[in-house]
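Trainee: In order, the protein sequence lines correspond to chains A and B.
Mind the numbering: the first sequence is residues 1 to 275 in the UniProt record's numbering, read in order.
Mind the numbering: the second sequence is residues 1 to 641 in the UniProt record's numbering, read in order.
All C-beta atoms, glycine included, are put in the ideal place defined by N, C-alpha and C.
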Amino acid sequence: MSTSELTSTLRHLQSTPPPSPDQISSLLSKAKRQLLQLNALLPTASTSPQVLHLARATLETGALLSIRLQNPDAFTRYFQQLLPFYELPPSSYSPEGEGQRSKVTGLYLLLLLTKGDYAEFHTVLEGLETEFGGGKGKGLEEDKFIGYPVKLERWLMEGSYDRVWKAVGREGVPSEEFGVFSEVLIGTIRAEIASCSEKAYPSLPIPNAKNLLFLESEGGVVQFAQSRGWIVKDGRIWFPFQHGEEAPSGKETLVTSGQVIENTIGYARELETIV
Amino acid sequence: MPGEGRSLRSGKDTSSSTNGEKARSNSQSSSSKDKPVPTRAASSKTKAAAPARKGSKKESSNDKPQPNGQPIENGVNGADDVDMIDEEAETVKVPTGKNGEEEMTVVVPPPKGSKLSGEPGKDPEGDTAMGNVDKAEDGAQDVEQMDPKVKAVTDIKGNFQLLEKAVAQFDARFTLRVLRSISSIRKHLSPDLLAQVITETYGPTNAIAKTLLSTLGKEDVRFSDASASEMDVDQPSKDKNSKHGTSTKEILPEVDTYLSILVQIYLHDSRAVQAGAKFSSDLIGHLRTLNRRTLDALSAKVYFYYSLFYEQLAPVPPSPTASVVSIRPHLLAALRTAVLRKDQDTQATVTTLLLRNYLSTSHITQADLLISHSQFPPAASNNQIARYLYYLGRIRAIQLSYTEAHEHLTGATRKSPATPSAGGFYQAASKLLVVVELLMGDIPDRAIFRQPNLETAMEPYLNLVQAVRVGKMEGFLSVVQANNALFRKDGTYTLILRLRQNVIKTGIRMMSLSYAKISLRDICMKLDLGSEESAEYIVAKAIRDGVIEATLDHEGAFMKSKEAGDVYATGEPGEAFHERIRACLGLHDESVKAMRFPMNQHRLELKNAQEARERERELAKEIVEGEMDDEDGAGGDFEGM
Numbered sequence: 001m002s003t004s005e006l007t008s009t010l011r012h013l014q015s016t017p018p019p020s021p022d023q024i025s026s027l028l029s030k031a032k033r034q035l036l037q038l039n040a041l042l043p044t045a046s047t048s049p050q051v052l053h054l055a056r057a058t059l060e061t062g063a064l065l066s067i068r069l070q071n072p073d074a075f076t077r078y079f080q081q082l083l084p085f086y087e088l089p090p091s092s093y094s095p096e097g098e099g100q101r102s103k104v105t106g107l108y109l110l111l112l113l114t115k116g117d118y119a120e121f122h123t124v125l126e127g128l129e130t131e132f133g134g135g136k137g138k139g140l141e142e143d144k145f146i147g148y149p150v151k152l153e154r155w156l157m158e159g160s161y162d163r164v165w166k167a168v169g170r171e172g173v174p175s176e177e178f179g180v181f182s183e184v185l186i187g188t189i190r191a192e193i194a195s196c197s198e199k200a201y202p203s204l205p206i207p208n209a210k211n212l213l214f215l216e217s218e219g220g221v222v223q224f225a226q227s228r229g230w231i232v233k234d235g236r237i238w239f240p241f242q243h244g245e246e247a248p249s250g251k252e253t254l255v256t257s258g259q260v261i262e263n264t265i266g267y268a269r270e271l272e273t274i275v
Numbered sequence: 001m002p003g004e005g006r007s008l009r010s011g012k013d014t015s016s017s018t019n020g021e022k023a024r025s026n027s028q029s030s031s032s033k034d035k036p037v038p039t040r041a042a043s044s045k046t047k048a049a050a051p052a053r054k055g056s057k058k059e060s061s062n063d064k065p066q067p068n069g070q071p072i073e074n075g076v077n078g079a080d081d082v083d084m085i086d087e088e089a090e091t092v093k094v095p096t097g098k099n100g101e102e103e104m105t106v107v108v109p110p111p112k113g114s115k116l117s118g119e120p121g122k123d124p125e126g127d128t129a130m131g132n133v134d135k136a137e138d139g140a141q142d143v144e145q146m147d148p149k150v151k152a153v154t155d156i157k158g159n160f161q162l163l164e165k166a167v168a169q170f171d172a173r174f175t176l177r178v179l180r181s182i183s184s185i186r187k188h189l190s191p192d193l194l195a196q197v198i199t200e201t202y203g204p205t206n207a208i209a210k211t212l213l214s215t216l217g218k219e220d221v222r223f224s225d226a227s228a229s230e231m232d233v234d235q236p237s238k239d240k241n242s243k244h245g246t247s248t249k250e251i252l253p254e255v256d257t258y259l260s261i262l263v264q265i266y267l268h269d270s271r272a273v274q275a276g277a278k279f280s281s282d283l284i285g286h287l288r289t290l291n292r293r294t295l296d297a298l299s300a301k302v303y304f305y306y307s308l309f310y311e312q313l314a315p316v317p318p319s320p321t322a323s324v325v326s327i328r329p330h331l332l333a334a335l336r337t338a339v340l341r342k343d344q345d346t347q348a349t350v351t352t353l354l355l356r357n358y359l360s361t362s363h364i365t366q367a368d369l370l371i372s373h374s375q376f377p378p379a380a381s382n383n384q385i386a387r388y389l390y391y392l393g394r395i396r397a398i399q400l401s402y403t404e405a406h407e408h409l410t411g412a413t414r415k416s417p418a419t420p421s422a423g424g425f426y427q428a429a430s431k432l433l434v435v436v437e438l439l440m441g442d443i444p445d446r447a448i449f450r451q452p453n454l455e456t457a458m459e460p461y462l463n464l465v466q467a468v469r470v471g472k473m474e475g476f477l478s479v480v481q482a483n484n485a486l487f488r489k490d491g492t493y494t495l496i497l498r499l500r501q502n503v504i505k506t507g508i509r510m511m512s513l514s515y516a517k518i519s520l521r522d523i524c525m526k527l528d529l530g531s532e533e534s535a536e537y538i539v540a541k542a543i544r545d546g547v548i549e550a551t552l553d554h555e556g557a558f559m560k561s562k563e564a565g566d567v568y569a570t571g572e573p574g575e576a577f578h579e580r581i582r583a584c585l586g587l588h589d590e591s592v593k594a595m596r597f598p599m600n601q602h603r604l605e606l607k608n609a610q611e612a613r614e615r616e617r618e619l620a621k622e623i624v625e626g627e628m629d630d631e632d633g634a635g636g637d638f639e640g641m
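#1: Anyone know if the C-beta pair for residue 192/A and residue 161/A falls short of 8 Å?
#2: Quick one: residues in its chain with C-beta nearer than 7 Å to the C-beta of residue 194/B, no 5 flanking neighbours on either side, listed in chain order?
#3: Decide if residue 525/B is buried, meaning its Cβ has at least 16 other Cβ atoms within 10 Å, or exposed.
#4: Cβ of residue 451/B less than 8 Å from any chain A Cβ?
#5: Helix, strand or coil for residue 205/A per DSSP?
#6: Starting from the beta carbon of residue 118/A, find every residue of chain B whose beta carbon is closer than 7 Å, and list them in chain order.
#7: When you compare each of 558/B, 187/B, 422/B and 331/B to residue 270/B by their alpha carbons, which one comes out closest?
#8: When you compare the CB positions of residue 283/B and residue 260/B, do they come within less than 8 Å of one another, or not?
#9: Which residues of the region 558 to 582 of chain B have a Cβ closer than 7 Å to any Cβ of chain A? Give them in chain order.
#10: Just to confirm the assignment: which complete alpha helix (DSSP H) runs, minimum length 4, are found wholly within the region 301 to 376 of chain B?
#11: At what residues does the beta strand (DSSP E) containing residue 236/A begin and finish?
#12: Hey, out of 395/B, 384/B and 403/B, whose CA is closest to residue 415/B's CA?
#13: Give the DSSP bridge partners of residue 553/B, in chain order.
#14: Let me check understanding here. Comparing Cα to Cα, which of 422/B, 309/B, 450/B and 438/B lies closest to residue 405/B?
#15: Under 8 Å between C-beta atoms, does residue 142/A make it to chain B?
#16: Identify, in the order they occur along the chain, each residue of the same chain with its Cβ nearer than 6 Å to the Cβ of residue 463/B, setting aside the five sequence neighbours on each side.
#17: With H, G and I counted as helix, E and B as strand and the rest as coil, what does DSSP make of residue 519/B?
#18: Counting along the chain, where does the alpha helix (DSSP H) carrying residue 539/B start and finish?
#19: Using the rule of at least 16 other Cβ atoms within 10 Å of the residue's Cβ for burial, across every protein chain shown, is residue 299/B buried or exposed?
#20: Please classify residue 231/A: is it buried, with 16 or more other beta-carbons within 10 angstroms of its beta-carbon, or exposed?
#21: Using three-state DSSP, classify residue 168/A as helix, strand or coil.
#22: Give the residues of chain B in contact with residue 260/A, contact being defined as C-beta atoms less than 7 Å apart.
#23: Taking residue 472/B as the query, report the chain A residues whose CB atoms sit under 8 Å from its CB, ordered along the chain.
#24: Give me the chain A residues within the contact set of residue 363/B, using Cβ-Cβ distance strictly less than 8 Å, ordered along the chain.
#25: Can we say the region 407 to 423 of chain B touches the region 362 to 377 of chain B, given the rule of at least three CB pairs closer than 8 Å?
#26: Please check if any C-beta of chain A sits within less than 8 Å of the C-beta of residue 541/B.
#27: Starting from the C-beta of residue 149/B, find all residues in its chain whose C-beta is less than 6 Å away, skip the five residues before and the five after it, and write them out in chain order.
#28: Would you report the Cα separation of residue 80/B and residue 162/B, rounded to the nearest angstrom?
#29: Decide if residue 211/A is buried, meaning its Cβ has at least 16 other Cβ atoms within 10 Å, or exposed.
#30: Please state whether DSSP places residue 251/B in a helix, a strand or coil.
#31: Rounded C-beta distance between residue 297/B and residue 368/B? I'm assuming under 8 Å.
#32: Count the C-beta pairs between the region 538 to 551 of chain B and the region 169 to 184 of chain A that are closer than 8 Å, then say yes if the count reaches three, no if not.
#33: Report yes or no: do the region 345 to 355 of chain B and the region 112 to 126 of chain A share at least 3 C-beta pairs separated by less than 8 Å?
#34: For residue 32/A, name the three-state secondary structure that DSSP assigns.
#35: Three-state secondary structure (DSSP) at residue 275/A?
#36: Check this for me: beta carbons of residue 309/B and residue 268/B, under 8 Å apart or not?
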């Protein structure tokens, strides 16, 4: 089994214009089969640098293409397979180089972000931090691909949604694969802003709401308001939830007194065991 | 004092699981170490009183039963384990006491008698241990004149006997005592000294001896005749020689391992990392072929140094190709074997080593998987539990489960040994704890930073806390910038970067408290937020998250703080009160659990109660009879009337 077949499959995959989705998936499974025949699906000590390089390139292409096909599960699988390759030092490849590591990793981080898996996000980030931070100081945030999800996460956490909005726009994304997630992210921030607005404003004029929610038209605002159960009246949006909160209902008092009674009985029981 | 600080803090949440564990481990270890307790108590007593009563044996004999009066607190100290410095002094003396014994048994019989009277009914080896210690004060005179090297040699040899005893009686605490004495011997270790011990212990044909010597670079050392000891002091008596005679024939693997550990330590101290790593690997391979329970504590130590060597071997950890990665399979195999053999010492040590290994290369997912797939032995020594909790806290902090992380780290700081030699661990755990507390939105107690052994190390963190507390973005950023390298070194950098949003929140809260109405523009300028739109979103988010009570006016572009309601009208005080009551009740429960009762005491009480009941019954009977008598009497009188 030579590497030439795989090389040709790979070239086929990377060709411009890209092949159709059906072709891609059949080509990808072919490439994987060829990798398996080369025994290069996992790096071993005996794998030659050329094959390593080829295997990594194949998996990276697979990862990027599955993003384009909007198949996050396949992407995650490719990423997991790439991890052992990324653990190897750049010098063990021929030709040497880091490959598309930061791009793929950045995409993975972004995927985690859109899924809301912050724990995993930070876990991956921590690993990168120690690796990057060890030698070159501030490498992580300056990396175009990895810095992007890192910044997005920070803005999302502190609430600078306008910056997120700008970042996910056409010119904000570092490469076109990242744009795939924009739609999801916009949905996320819109929902966030809506839930914040409900609490923060008593009412809001519709044109302002349009700007705040990054919606295209006022009709869209009305639609969005209805979907969230807001009242639209006299050109303003009224948020209904706030008023319900202000007067503590009788039910709430009941709950509180129930709590107090429960606690007190608990103390009594404990005291009994002590005395 | 760290101890005080910790006890103060411990009032906060006594119901946490770590506390439960602590209580359990304390009672467990103390029950298993019930026997050494009197010994230790006696020894510290003797040590303290040694100068005062060097000459008067009488006094010491009177003194004897006293140490048994306070076993409990000593038991707790003693349970603390292996490298505690404060016990070092005692262990140094034990073997020397032995030297003294050979003379003293002949010269001064009284102490022997007194010791026997002081400890009736104890098993014989507990007695001999007592005896050794008794004479420590007499042996001390010899020690003063002795060359430290010679003393180290005798110490090592004395430890051989302890190891033999441990094997013969299948008692792990002798081994522990041997390990504890390592820190005192450590200072005097040298190839010459070790070669001397090896040549005196082994026969010239022994393979293990040859490996040990070649590792030390002393292949050419002449094997001395076993009986002709080179020691210049006249203490080797006939007893010693006869011991030598037997030991040359059959040397226990424990002794081999003990000597190997000493060689490892020597190599480590002399920075011979390469040689040490190779030697340790071979040693591990050898150890794996042995299956002896008496070897557990020793092999745990071997693994510890094994991993330590590889950690220092280039390429060093942060890089993914670090040499620590290569020992993972060995450690995992060791863990598996240890679990199958119920070897809890090795299991605990190897688990913490693996976690450390994973974390050093930031393989957090693997570390997390290891934790979820393995069980940490609850009977592990306190130090190992502390380490485990620290790593656990670290992992949880990275995964954003701050509450859990906080719990584990509090446990780690509380369990960390209070000796100066373990100060580094306490510092690291405290640093992480402070950061996690900040992330949780709490401001750490000022007292944490005032502890003398933390003061300098924690200074950057103090600055950080101050910056977060005030809510000034520039202050925070400048602190992070200034201490960038240090935070990275401590491994807290990414966690600290996450604090950014906390700083903003605090800033907004401060502003909401101080102004009834403030324009978004001012907020944006004060907090350095970039744009007014950002400020609006951020404030809206703060309102949603319940950080502040306020409303926004979009058209006027200002934030209007709500009137602060009366806190006492809400359920909050009640909740705070409830929290404290629960903590107190938890403390009470823990204390009850930690209490220990003398064996069979309850039977005595039962008996007493039964007797009392019987007495009562008799009394009742008598009364009844008396009444009847009375009645009879009365009747009789009546009749008689």
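Mentor: On the basis of the supplied data:
#1: yes
#2: 216, 262, 263 and 266
#3: exposed
#4: no
#5: strand
#6: 400
#7: 187/B
#8: yes
#9: 571, 574, 578 and 581
#10: 324 to 340, 344 to 360 and 364 to 373
#11: 236 to 238
#12: 384/B
#13: 558/B
#14: 438/B
#15: no
#16: 479
#17: strand
#18: 532 to 544
#19: buried
#20: exposed
#21: helix
#22: 574
#23: Those within 8 Å of residue 472/B in chain A number zero; the least Cβ separation is about 15 Å.
#24: 127
#25: no
#26: yes
#27: 188 and 193
#28: With a pLDDT of 38 at residue 80/B, under the threshold of 50, the predicted position of this residue should be treated as unreliable, and no value is reported.
#29: exposed
#30: coil
#31: About 29 Å separates the two Cβ atoms, so there is no contact after all.
#32: no
#33: no
#34: helix
#35: coil
#36: yes
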